[in-house]
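Following my numbering, the residues of the sequence shown are numbered contiguously, the last one being 769.
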Amino acid sequence: MVAERAGAESVALKLRQAGFQAYFAGGCVRDLLLGKTPKDWDVTTDARPEEVALLFPRTLLVGAAFGVVRVVLGKGREYEVATFRHDGEYLDGRRPQRVHYSKSWQEDVVRRDFTINAMLMDPESQEVLDIVGGRSDLEAGLIHAVGDPEQRFAEDRLRMLRAVRFATRFGFRIEDQTLAAIGLHAKEIGAVSVERIVAELEAIWALPAAHLGMTLLAQSGLLPHVLPFSFEPQKFLRLPLGEDKLAIAWALVTENLPESELEPVLRRYKLSNQQVKVVLTLARAKTALLAPGMALRRLAASPEADRYLAFASAWLGEHPAVDHFAGWIAEYRQKPLPARPLLGGAELMTLGMAPGPEFKAVLEAVDDAVLLRQLTDKAEALAWVRQGRPTLAAGLLSQGQSFPSAEG
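Dropping the structure here:
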């Protein structure tokens with residue numbers, strides 16, 4: 362749920378009434394200046410975390426070690442309140458060893474990552490406080506590190522990926538010195554946890570201009586350090602919208618990995634079990650997609666047909682197999698197939714067949730006959746099996762011929 366501005370104003374005004382400074386900060390100020398509705402409203406203040414907690418009935422000290430308190434006004438109305446600070450030494454390339462609280466908002470903003478995120482706004486007068494050039498960079502469409510970009514990235518290496526994400530999100534250019542600093546430090550991105558790297562990559566892929574993000578990752582020198590695989594970034598131009606977008610992105614970046622290596626790689630990136638399952642199914646579908654035969658018809662008739670088609674379109678682009686596939690999906694939806702499978706092991710046993718390897722071959726042959734509309738109900742399927750048609754069908758298929766019908 363998007364937090365309300367009125368709630369953030371009430372938090373800021375209560376802090377002010379208690380004698381503290383309080384301003385809107387960061388992304389909400391940036392979004393307001395871009396004419397966008399902020400998703401989150403953050404407040405910055407000279408009140409220390411314990412002083413903030415005393416002013417409000419419900420608070421969460423989720424980031425108190427870094428001067429951050431979450432004020433809860435009600436369901437869906439939570440606001441981060443951060444104390445002005447300057448940071449101690451960074452030793453791990455991610456977080457400062459300690460923070461020092463400050464009474465100066467100027468001291469607070471110059472430690473932030475990018476100029477467009479380092480502006481404050483007075484909640485009462487709406488005056489924008491900008492001492493880093495954030496407003497001019499917004500107008501120029503620039504992602505520009507605050508101060509020395511090499512220092513900013515040495516402090517927190519994740520900022521390199523964040524620069525790419527912000528540039529992708531807003532369609533901005535990364536300022537030259539900032540981009541050069543990313544190139545110098547790109548190899549150090551490995552100091553960031555894989556979970557945080559994946560979160561940034563997936564945030565980039567979730568954006569409408571994901572292909573721009575992949576281009577920027579390549580231009581910045583980050584790409585081989587976060588995705589050290591052989592793949593074609595231009596395929597992200599065809600990355601579809603929808604809930605399968607991220608899984609398809611992973612399938613694209615790992616497209617040339619042998620199947621034996623794929624799951625271990627996905628596990629190293631800490632993907633969820635469901636994500637791994639989907640990516641593996643897409644990878645295993647590639648053989649069928651390149652050979653428009655019965656395997657592709659099975660995909661076209663599956664409940665996940667749309668997912669396979671979206672992947673095929675991104676992976677292959679304009680390709681005859683994609684046209685075949687889309688046509689078969691449309692055919693099966695215009696004239697639905699009977700409920701599948703028509704037969705199971707129990708029915709085969711009534712015909713005197715003993716369980717064994719032949720079961721699978723017969724059942725697959727029956728299902729393929731259904732996909733080719735040779736069979737439409739269980740009675741036909743049983744008659745077809747009695748006549749020995751599955752064995753004949755398997756032989757014809759191996760020779761590239763069509764299925765025999767039930768009539769002969």
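Ideal Cβ placement from N, Cα and C applies to all residues, glycine included.
Who are the near neighbours of residue i in its chain, counting only those whose CB is closer than 8 Å to its CB and skipping five residues on each side?
i: leucine 632; result: Val559, Trp611, Val640
i: threonine 615; result: Phe590, Phe592, Leu623, Val626, Leu627, Val640, Ala644
i: alanine 656; result: Thr648, Ala649
i: histidine 572; result: Pro594, Gln595, Phe597, Leu598, Leu600
i: arginine 391; result: Ile477, Asn478, Met480, Gly495, Leu499
i: leucine 374; result: Ala383, Pro484, Glu485
i: glutamate 563; result: Leu607, Ala610
i: histidine 680; result: Ala673
i: phenylalanine 381; result: Thr406, Asp407, Ala408, Glu412
i: tryptophan 342; result: Nothing can be reported for residue 342, as the shown portion of the chain is limited to 362 through 769.
i: leucine 724; result: Pro702, Leu704, Gly705, Gly706, Leu709
i: glutamine 512; result: none
In its own chain, which residues sit with a C-beta less than 7 Å from the C-beta of residue i, not counting the 5 before and 5 after it?
i: valine 423; result: Val429, Arg431
i: proline 410; result: Leu422, Ala425, Gly428, Val430, Thr444
i: leucine 503; result: Phe533, Arg534, Glu536
i: arginine 701; result: Asp728, Val731
i: leucine 588; result: Val614
i: glutamate 468; result: Phe445, His447
i: tyrosine 693; result: Ala661, Ala662
i: alanine 666; result: Leu660, Ile690
i: glutamate 365; result: Arg438
i: alanine 687; result: Leu670
i: glycine 508; result: Val471
i: leucine 618; result: Phe590, Val626
i: isoleucine 565; result: Val525, Arg526, Thr529, Ala571, Gly574
i: leucine 568; result: Thr529, Arg530, Gly574
i: proline 699; result: Val731, Thr737, Asp738
In this structure, what does DSSP give as the bridge partners for residue i?
i: alanine 383; result: Thr406
i: arginine 530; result: Paired residue(s): none; arginine 530 is not in a bridge.
i: tyrosine 440; result: Val432
i: arginine 377; result: Partner(s): none; arginine 377 has no beta bridge.
i: alanine 506; result: Phe475
i: histidine 447; result: His461
i: threonine 420; result: Val432
Using only CA atoms, which one of the options lies nearest to residue i?
i: lysine 464; options: Glu370, Leu481, Arg446; result: Arg446
i: alanine 552; options: Ala528, Phe514, Ala579; result: Phe514
i: valine 637; options: Asn617, Ala687, Leu607, Ala652; result: Leu607
i: alanine 369; options: Asp684, Glu412, Gly435; result: Gly435
i: alanine 542; options: Glu556, Leu376, Leu519, Ser581; result: Ser581
i: glutamate 556; options: Phe385, Leu519, Asp401, Met482; result: Leu519
i: lysine 739; options: Arg747, Leu704, His680, Trp402; result: Leu704
i: proline 510; options: Val493, Lys400, Gly688; result: Val493
i: glutamate 439; options: Gly380, Ser371, Val683, Ala408; result: Ser371
i: glutamate 441; options: Val489, Gly388, Leu394, Leu395; result: Gly388
i: histidine 685; options: Pro697, Tyr669, Pro699; result: Tyr669
i: leucine 376; options: Ile609, Tyr630, Gly688, Leu415; result: Leu415
i: glutamate 719; options: Gln695, Thr737, Lys696, Val746; result: Val746
i: leucine 709; options: Ser621, Asp517, Lys721; result: Lys721
i: alanine 707; options: Gly717, Pro569, Pro699; result: Gly717
i: serine 554; options: Pro585, Asp517, Leu395; result: Asp517
i: glutamate 488; options: Ala408, Leu394, Ala547; result: Leu394
i: aspartate 401; options: Lys696, Ser497, Ala367, Val525; result: Ala367
i: alanine 570; options: Tyr630, Leu602, Ala646; result: Leu602
i: glutamine 378; options: Val413, Gln538, Arg419; result: Val413
i: aspartate 605; options: Thr539, Tyr630, Ala675; result: Ala675
i: glycine 713; options: Ser621, Gly749, Gln695, Thr539; result: Gly749
i: proline 585; options: Ile550, Trp566, Ala567, Asn617; result: Ile550
i: proline 697; options: Leu540, Thr711, Leu736; result: Leu736
i: alanine 652; options: Phe475, Asn634, Gly396, Leu677; result: Leu677
i: alanine 547; options: Gln538, Leu568, Leu583; result: Leu583
i: alanine 744; options: Thr711, Phe475, Ser621; result: Thr711
In chain order, what residues of the same chain lie with their CB nearer than 6 Å to the CB of residue i, ignoring the 5 residues before and after it?
i: alanine 386; result: Asp403, Thr405, Leu481
i: arginine 473; result: Ala479, Val507
i: arginine 523; result: none
i: phenylalanine 417; result: Val432
State yes or no: is the C-beta of residue i nearer than 7 Å to some heavy atom of the ligand NAD?
i: leucine 618; result: Among the components of this structure there are no ligands whatsoever, and the ligand NAD is therefore not found.
Could you tell me which uninterrupted beta strand (DSSP E) segments, each at least 3 residues in length, are contained entirely in the region 641–680, listed from first to last along the chain?
-> none
If we count Cβ pairs, one from each stretch, closer than 8 Å, do we get three or more for the region 618–637 versus the region 661–679?
-> no
Can you list, in chain order, the stretches of the beta strand (DSSP E) that have 3 or more residues and sit fully within the region 456–490?
-> 460–462
Three or more C-beta pairs below 8 Å linking the region 563–577 and the region 519–529 = yes
Every unbroken alpha helix (DSSP H) inside the region 691–720 [4 residues or more] = 706–711
At which residue ranges does the region 582–617 contain complete alpha helix (DSSP H) runs of 4 or more residues, listed in the order of the chain?
-> 584–587, 606–614
Entirely enclosed alpha helix (DSSP H) segments - the region 532–576, minimum 4 residues = 537–546, 555–566
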